[in-house]
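Asks: Residue numbers (my numbering): 14 to 191. So that we are looking at the same thing, I have put the structure below in structure tokens.
Now the structure itself:
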């Protein structure tokens with residue numbers, strides 16, 4: 014019985030791998046160069062939130078994936094907590110900052126989900142302009158919206174068992190060979 018406390022949870026390992034893949038894709042230089050996402054704390058948060066959302070959206074279609082989804086979400090916010098602390102945010106302020114980031118994330122999830130579910134390109138471009146670029150209409154937002162749609166479809170094509178095992182791939186940020 015006591016040994017069960019020390020066993021690794023394969024779902025946690027899979028969720029950590031999914032989060033790591035989302036984080037790696039969110040850091041692709043093309044987002045910050047060709048697609049003109051601001052290379053700042055805010056810009057990096059936006060790209061990370063977008064990619065975590067895409068993974069969570071894919072997991073939502075898999076039966077029995079809810080615990081893994083929660084663990085991906087937990088890994089995301091644990092990384093934000095660690096980043097805030099590394100940036101020097103005091104212990105007493107971290108909780109308030111995390112709460113604000115969670116509210117921002119849920120707002121983005123709602124906007125992206127609505128646009129993707131309705132297959133409404135204008136709504137997706139507007140949501141990306143507002144959230145990623147902090148503009149009413151961003152010139153690069155249509156290209157980013159195209160990537161988001163491509164990534165969403167790309168994730169849907171991957172076998173559920175593979176994703177639940179922690180293996181996920183994203184398409185190239187700027188098209189090209191997959």
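C-beta atoms are modelled at their ideal positions from N, C-alpha and C, and glycine is treated no differently. Source: prediction; values computed, not measured.
Consult DSSP for residue 83 and reduce its assignment to one of helix, strand or coil.
Replies: Reduced to three states, the DSSP call for residue 83 is helix.
Asks: On the three-state DSSP scale, how would you describe residue 132?
Replies: Coil, per DSSP.
Asks: Return the first residue and the last residue of the alpha helix (DSSP H) that residue 56 is part of.
Replies: That run of the alpha helix (DSSP H) goes 54-72.
Asks: Which of helix, strand or coil does DSSP assign to residue 108?
Replies: Three-state result, residue 108: helix.
Asks: Spatial neighbours of residue 27 within its chain, please: C-beta separation below 7 Å, excluding the five flanking residues on both sides.
Replies: Excluding sequence neighbours, residue 27 sits near 81, 177, 178 and 179.
Asks: Is the segment 136-149 close to the segment 58-65, with three or more CB pairs under 8 Å?
Replies: Yes, the segment 136-149 touches the segment 58-65.
Asks: Does the separation of the CB atoms of residue 110 and residue 97 fall below 9 Å?
Replies: The answer is yes: Cβ separation under 9 Å.
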